[in-house]
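Okay, structure first, notes after.
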Amino acid sequence: MPYIAKIKVTLRQSILDVQGKAVDHALKNLGYRTVESARIGKYIEVTIHETELAEAERIGNEISQKLLSNPVMENYSLELVQI
Amino acid sequence: MLELLTTIKRSDFMSDITVGVVVFPGSNCDHDTEHAVASFPGIKPVMLWHNDHDLQGAKAIILPGGFSYGDYLRAGSIARFSPIMKEVIEFAQKGFPVLGICNGFQVLLESGLLEGALSRNRDKKFLCCQTHIRAVNGSTIFTSLYPEDELLSIPIAHGEGNYFAPSEVIERLEEHQQIVFKYTDAGGKITDEANPNGSLKNIAGIVNRQGNVLGLMPHPERASEKILGSLDGRGLFESLFLHIAEV
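Protein sequence lines, in the order shown, are assigned to chains A and B. Residue numbers for the first sequence follow the working numbering, so the first one is 289 and each next one is one higher. Residue numbers for the second sequence follow the working numbering, so the first one is 184 and each next one is one higher.
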């Protein structure tokens with residue numbers, strides 16, 4: 289059965305998130321005074337047709353590091369779910 | 184504005200020098216770049232389609248501006264894996280000149296030929312305007328013809344020109360004089376107010392350690408013709424073409 293790789297790509301904490309700041313500002317304008325610091329990332333789902341979990345995990349990490357995230361500015365997390 | 188400083192002298196028996204302009208799907212400054220390159224005597228631009236593997240004998244490669252692959256995922260992140268990038272990377276690793284303008288700079292960063300990354304402009308707006316930059320390193324093959332401390336008027340047009348690199352990378356770039364262009368005010372001062380996009384240290388362009396790969400956000404091809412209001416971009420092309428004519 290294939291796996292779905294669920295990859296979350298987030299900005300490293302030290303990076304200025306201009307979109308997040310804009311959202312934060314908008315939330316405050318909506319009246320949510322106790323809300324703080326929105327940071328925006330990406331969520332990507334990729335289907336991996338491998339039977340072995342270890343291989344699916346290896347591929348999931350490789351594509352996350354090579355293409356789906358930019359390690360200079362971003363972190364990623366990988367979750368694999370068998371479908 | 185700079186005058187034309189040199190003419191590349193070619194004997195009647197020598198053919199034109201080829202300069203390759205890579206075209207990715209979504210590149211939109213490729214023809215402006217071709218037009219600027221073609222304005223130099225003795226230089227012939229060729230368009231290199233991203234799916235090909237043939238650099239057609241080019242002595243220098245230019246990655247032009249635009250929105251390759253729609254800036255999907257991250258600007259330049261998909262173009263860096265275009266088939267022709269295999270040859271472009273090998274070309275750069277052998278020490279031949281590669282110039283990345285705007286989106287081209289993004290592709291060079293994503294491919295690892297240059298260090299660092301570019302993110303959304305600090306003030307969130309897409310900026311399309313004339314800026315002042317200064318060649319803080321006038322010794323590169325791309326800046327040799329600019330007089331020292333000359334103020335250059337070159338336009339920018341980008342939404343993601345905010346240069347970032349970890350502090351140890353910035354230190355290394357400074358140590359090895361790899362920072363080539365910085366944004367300045369009209370008086371030539373490097374200030375926060377003069378920084379259009381929030382780039383660290385007002386960095387507008389950097390070169391690799393070897394000095395043969397340059398990436399910059401401003402568009403020299405849009406400052407290469409009097410009718411566009413500035414000729415200051417011509418010095419970059421001239422310096423490069425003089426270099427490739429000499430080797």
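All C-beta atoms, glycine included, are put in the ideal place defined by N, C-alpha and C.
- Distance check between E293(B) and each of L334(B), R317(B), Y346(B) and F325(B) places Y346(B) closest, using alpha-carbon atoms only.
- With contact defined as three or more Cβ pairs closer than 8 angstroms, the stretch 214 to 227 of chain B and the stretch 415 to 427 of chain B are in contact.
- By the CB criterion at 8 angstroms, I316(B) and I284(B) fall outside the cutoff.
- Taking the Cβ atoms as the reference, M361(A) lies roughly 24 angstroms from L315(A), outside the contact range of under 8 angstroms.
- Against chain B, the CB of Q301(A) has no partner CB under 8 angstroms away; the residue lies outside that interface.
- Around L310(B), the same chain offers N304, I339, A340, H341, G342, G344, P379 and N380 as residues with beta carbons nearer than 8 angstroms, after the five sequence neighbours per side are excluded.
- With a threshold of 16 other beta carbon atoms within 10 Å, A342(A) falls short and is exposed.
- By the rule that beta-carbons nearer than 8 angstroms mark a contact, A342(A) does not touch chain B.
- By the beta-carbon neighbour count (other beta carbons within 10 angstroms, threshold 16), L282(B) is buried.
- When beta bridges are read from the DSSP output, Q289(B) appears opposite no residue.
- Secondary structure within the stretch 229 to 260 of chain B: the beta strand (DSSP E) runs of 3 or more consecutive residues, fully enclosed, are 243 to 246 (chain order).
- Within chain B, the residues whose beta carbon sits less than 8 angstroms from that of N358(A) are R257, S260, E293 and A300, listed in sequence order.
- Note on geometry: alpha-carbon atoms of G416(B) and L318(A) lie some 47 angstroms from one another.
- Distances from the CA of I362(B) to each of H214(B), K307(B) and F325(B) were compared; the closest alpha carbon is that of F325(B).
- For Q370(A), there is no enclosing alpha helix (DSSP H); the enclosing beta strand (DSSP E) has its first and last residue at E362 to Q370.
- V390(B) carries a strand assignment under DSSP once its states are collapsed to helix, strand and coil.
- Residues of the same chain with a CB within less than 8 angstroms of the CB of I328(A), apart from the 5 flanking positions on each side, are L299, D305, Q307, G308 and V311 in chain order.
- What M361(A) touches in chain B, judged by beta-carbon distance under 8 angstroms, is A300, S302 and F347, going in chain order.
- DSSP links L419(B) through a beta bridge to no other residue.
- Interface annotation for the stretch 305 to 333 of chain B against chain A: R305, D306 and K307, criterion Cβ-Cβ distance under 9 angstroms.
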